[in-house]
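So the structure is just underneath, and the comments pick up after that.
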Amino acid sequence: MLSRLNNHSLRGVSTTARASFAGKYDPDLTDPDTLALHKLYRPERTTPSKRGIELLKTPRLNKGMAFSLNERQYLGIHGLLPPAFMTEEQQAYRIMTKLRQQPDNLAKYIQLDSLQDRNEKLFYRVLTDNVKELMPIVYTPTVGHACQKFGFIYRNPKGLYITINDNSISKIHQILANWHTTDIRAIVVTDGERILGLGDLGTYGIGIPVGKLALYVALAGIQPDWCLPVILDVGTDNNELLNDPFYTGLRRKRVRGQEYDTLVDNFMKAATKRFGQDTLIQFEDFGNSNAYRLLDRYKGKYCMFNDDIQGTAAVVVAGLLASTRITKKKLSQDKIVFFGAGGAATGVAEMCVRQMVDEGLSEKDACDRIYMVDIDGLITKSRSATLGERHVKFAKDLPDTKNLLEIVKTVRPGALIGASTVAGAFTEEILKEMSLINPRPIIFALSNPTSKAECTAEAAYRATNGTALFASGSPFDDVEMDGRTFKPGQGNNAYIFPGVALGAVLFRVKHIPDKLFLLAARMVAENVSEKSLYTFSRVYPRLKDIRELSVKIAIEVGHYCYDHNLSTLHPKPEDMEMFVRQQLYSVEYDELINKTYEWPAKDSKHGFPVPNVELHAAVVLAMLMEKNSVTVEVPINIALIKYWGKRDEELILPLNDSVSLTVDALFARTTVTVLKGASEHEVSVNGKLQDLTKSSRYSRLFAEALRQRRKRGHNESESNGSVGVHFKVTSETNFPTCAGLASSAAGFGAIALALQELFSFDDVEANRMARLGSGSACRSMLGGLVRWHAGESDDGLDSYATQLFDESEWPSLRSIVFVFDDMEKKVGSTLGMRRSVETSALLPHRALVVVPQRVEKLSKAFEERDFETLATVIMQDSNQFHAICLDSHPPLKYLSESSWDFMVMVQEFNDSMGAVLAAYTFDAGPNACVFLEKTSVANFIKFANERFCLPQKGLDEVREDYEIDEDLRQNSSAKYAASCVVVSQVGGGPRLISSD
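Going by UniProt numbering, the sequence shown opens with residue 1, and the numbers climb by one from there.
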């Protein structure tokens, strides 16, 4: 388990390097036990697999002009960079110089965003070196402005978008699997309903998870590759966004209720299914109607927390605890008034109660010391019938009032906390009243952004003659007054959530109890220096100390979780601090090339010399063989466009064939074993031994393989002799029963591929062997969309297949093969093509004009994912195929009546959908094949089931795989019945199963 944590940054030097350690930690590496732990915990260097321009386009690896000359030459980037060399420090200076010249904070945000896209290490180096200056840029308050303008400033995708239209575990899992890294440990997710104090920003809120995770890295040293920002797009109730031409989300009102809950449930299940049950999931900026509810729903089941509730509560309590070091009173000895009673304020109040209980009060007495004011005024017992469950315990037996000044005079609190987003709510009169009640009044104006703060720092200090212990949610500038400098503290959750997240990630925590946030709050309060408190009246640590503070919080989290059986990382690290510090992300550039080392000279010698002995040709041939036995799988292929041309009488089929796609789920599995010294070949298909005296195709294929191998090895003249080497072939297929292996391209393609593996043939040689068995078999050697090309073999007659596109380029493409009991060809394809070549008047124009045009259209449609064009071309060619057969003399009826009914059904389906969503072709033996996209599978199956009798087993499989809600029952009254229905991905290539 520990090894999983040790492969993400620069490997520490064994005895002298300190780059991987932070703060004042300085382990004694001269001690053998300490050194052994250091070697166990330290990250290890890995030479990147990317080279050239792709490496420079990878932010995680790019170092710009900091690449050394050796790295530039070794990694293939020499000449792709300017010839100058710069250190990371020089690069950071250049970035900061340019950044400080930007006209406003939004321009600075855009520049930093661009830097993160180019050079990840340099971005975090700049951020960590200038955290006080740049934290207001990458997070509050500038991130709020950036979110509002997100559609206009959008450059590159930074996270995952999961919409209400993707509402299933499988669909969400597929989206999560699209992320470029798999080792995700921390997710920050929002639904965009309450972004800071700005309200519903929909998908514009993606900037919040992105900013939060940037702080995970900069302030806690969490590896960037472990982080994933996610937004759940359920619509927006913000009419301005719905009418915004740049808006990047769904243009619909917010979905609420059960459908919303199902989406969040499915997301949690899919995320932990994909990345592990201990994956940390931080909820951020959910609306008040959902925030608490979802926290209560998931916090006991998953490793999750809500930063707006728990993080905010912890950081406010931290400020209050730090303030008590000046007031010399416990928190439980003071009364607190909250102006604002939303989710954040209620969370703070509840954490204050926990702290007071730990100080000795009962829960009831603690609640009695907290007063809350919402939009309707002071929360009193007279309002109990309308109060939420969390507010009832804070209701007071006092007169109803909305007058905050009156409340302050009545309650006489030691602390006044604002979380209302009502700018200026803490008037000068209220602030002065607080200073009359308390020698050092605690004034926290926490609403974000600064434009919505309850008062400014300067107003608080001046109204209280500098006695206020002030903190805010967003940063305020220093205040100069009466010869003193006041440095207002920012009650930023960044003091809390990075450390808690670091501990949860490293120690693989089951779930996160509220106690961890209280421990974090106490740790923050303890780390406020005396100078900060007494000289500058600052109740929070310096921002540049957050990274070290996060380490301390993480260690505290680790100890608590091991003591309470919440950690799943085993064994427990012997040195908790060393373990944590060794996992921290380093902002220093990594060495990208592993150092070489020597082996003992005796183990580095070349192998034994080849004996100078004359050997029999058969023995030499056997020695040249790469393997003795090979098992492969080759999928069947379906023609989309047929090439009809001149027939080569020596081959089984004409040199015509097709552009085709392979059907992954139907394949031939073939094992070819070398029988040295045997007297004959042996071929078994689906358990039935083949009579080779009646079929020369197998023998010709094997003889050609041996001829090519002997010719390559000995430069001998052509010979079909097998020199004592024969083959045993065992083939099994899962084809529908009406498509036999003997005439199948996949079957002979599998044999040819196995021989290619045995003898290390190139593709042209292997394709030639396949054609000797079946003229179209060679196309099965390749995955994806393939077509024939003229070969350049010794006889000038060879042809071979080439791949036009990789199957992964269109992963949503599907095929459905239907096997109908009475759907039989009236003639075989060989006879049909032979006669049509000889007699059809349509064929010359097709060969010279139509086919090249259709191939061009098909290729372009595949490249552009234009399914409608792809489907239209496929059906045009299928229709023309049947027309040419009927144009032959005498006419050939290629398909039965049921086949024509099936074609009509496909056309009716497309008409009913108002678009071409399915294409038919009959090149799957006597079966019917439909091509369509994944999203159309469910609708097509339901439509087909109304007109044909489809097997119940196939219906049940499709219903489960494609999440069809309604029950599908076999239509036994239909005229035609299918014995098999196979839904499959397409474009898969051959698979090597085993070799010996």
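Idealized CB from N, CA, C, for every residue including glycine.
Touch test, the region 454-462 against the region 472-489, Cβ-Cβ under 8 Å, three pairs minimum: Proximity of the region 454-462 to the region 472-489 meets the contact definition, three or more beta-carbon pairs being nearer than 8 Å.
Per-residue DSSP class, three states only, for Glu-682: Secondary structure of Glu-682 (DSSP, three-state): strand.
Three-way DSSP call (helix, strand, coil) for Ile-68 in this model: Checking the sequence shown, residue 68 turns out to be Ser, not Ile. Coil.
Residues near His-714 in its chain [Cβ-Cβ closer than 6 Å; skip 5 each side]: Low confidence applies here, because His-714 scores a pLDDT of 42, under 50, leaving its location unreliable and the question unanswered by this model.
Expected contact under 8 Å - CB spacing of Gly-64 and Gln-101 to nearest Å: Actually they do not touch by this definition, with Cβ atoms about 20 Å apart.
Among Gln-880, Trp-900, Arg-297, Ala-944, nearest to Asn-910 - alpha-carbon criterion: Comparing Cα positions, the closest option is Ala-944.
N-terminal and C-terminal residue of the alpha helix (DSSP H) that Asn-939 is part of: In this chain, the alpha helix (DSSP H) harbouring Asn-939 covers 937-947.
Ile-993 in three-state terms, based on DSSP: Three-state result, Ile-993: strand.
Collapsed DSSP secondary structure at Lys-857 in the structure displayed: Helix at Lys-857.
Endpoints, the alpha helix (DSSP H) within which Tyr-461 is located: Looking at the DSSP string, the run of the alpha helix (DSSP H) that includes Tyr-461 is 457-463.
Whole-Å CB distance - Phe-470 paired with Ile-496, under 8 Å assumed: Not confirmed; about 19 Å, so no contact.
Closest by C-alpha distance to Gly-287, when choosing among Arg-274, Asn-306, Asp-278: With distances taken between Cα atoms, Gly-287 lies closest to Asn-306.
Under 7 Å between C-beta atoms of Gly-207 and Cys-147: Inclusion of Gly-207 and Cys-147 in the CB contact set at 7 Å is warranted, their separation being smaller than that value.
Simplified DSSP assignment, three categories, for Val-986: If DSSP states are grouped into helix, strand and coil, Val-986 belongs with the strands.
Residue 1012, DSSP secondary structure in three states: Residue 1012 falls outside the range modelled here, since the chain spans only 1 to 996, and no answer is possible.
For Ile-137, the nearest candidate out of Ile-442, His-559, Gly-151, Tyr-109 (CA to CA): Minimum Cα distance to Ile-137 is reached at Tyr-109.
Same chain only: Cβ atoms within 6 Å of Phe-759, ignoring 5 sequence neighbours per side: Its chain contains Arg-709 as the residues whose beta carbon lies nearer than 6 Å to that of Phe-759, once the 5 sequence neighbours on both sides are disregarded; these appear in chain order.
Coil, strand or helix - Gln-583 by DSSP: Residue state, collapsed to three classes: coil.
Exposure of His-845, with buried meaning 16 or more beta-carbon neighbours within 10 Å: When all chains shown are included, His-845 counts as exposed.
Nonlocal neighbours in the same chain, by C-beta distance under 6 Å from Thr-248, ignoring five residues either side: Closer than 6 Å at the Cβ level, and outside the excluded window around Thr-248, lie Gly-151, Thr-203.
Nearest-angstrom Cα separation, counted from Glu-588 out to Tyr-93: If you take the alpha carbons of Tyr-93 and Glu-588, they lie about 15 Å apart.
CA nearest to the CA of Leu-404, picked from Arg-383, Leu-378, Ala-415: Checked all of Arg-383, Leu-378, Ala-415; the closest Cα to Leu-404 is Leu-378.
First through last residue of the alpha helix (DSSP H) which encompasses Glu-588: Per DSSP, Glu-588 belongs to no alpha helix (DSSP H) and is neither H nor E.
Cβ-based neighbour list, Lys-552, same chain, cut-off 8 Å, excluding 5 preceding and 5 following: Excluding residues within five positions, the ones whose Cβ falls inside 8 Å are Gly-499, Met-523, Asn-527.
Integer Cβ distance of Gly-276 from Ile-309, believed to fall under 8 Å: Contact flag wrong, Cβ pair sits at about 24 Å.
Residues of its chain near Thr-485, where Cβ-Cβ distance is below 6 Å and the 5 sequence neighbours each way are ignored: Same-chain partners within the cutoff: Asp-478.
Check whether Asn-62 and Asn-119 have beta carbons under 7 Å apart: If you check the CB distance, Asn-62 and Asn-119 come in under 7 Å.
Distance CB(Gly-340)-CB(Tyr-292) smaller than 7 Å: No, they are not a contact pair.
Same chain, Cβ closer than 6 Å to Arg-72, five either side skipped, listed in chain order: His-78, listed in sequence order.
Within 7 Å, strictly: CB atoms of Asp-815 and Phe-940: In the sequence as displayed, the identity of residue 815 is Ser instead of Asp. No. Outside cutoff.
For Asp-877 and Ile-641, believed in contact at Cβ under 8 Å, the rounded distance: Rounded, the Cβ-Cβ distance is 5 Å, consistent with contact.
According to DSSP, residues forming a beta bridge with Arg-669: Glu-633, Glu-732.
Status (buried if at least 16 other CB within 10 Å, exposed otherwise) for Gln-853: Classified as exposed, Gln-853 has fewer than 16 neighbouring CB atoms from the shown chains inside 10 Å of its CB.
Alpha-carbon to alpha-carbon, Ile-370 and Arg-390: If I take the Cα positions, the gap works out to 13 Å.
CB contact flag (Lys-567, Ala-220, <7 Å): Checking the sequence, you will find Ser at residue 567 rather than Lys. Inclusion of Ser-567 and Ala-220 in the CB contact set at 7 Å is not warranted, their separation being larger than that value.
Collapsed DSSP secondary structure at His-726 in the structure displayed: In the structure shown, His-726 sits in a strand (DSSP, three-state: E or B).
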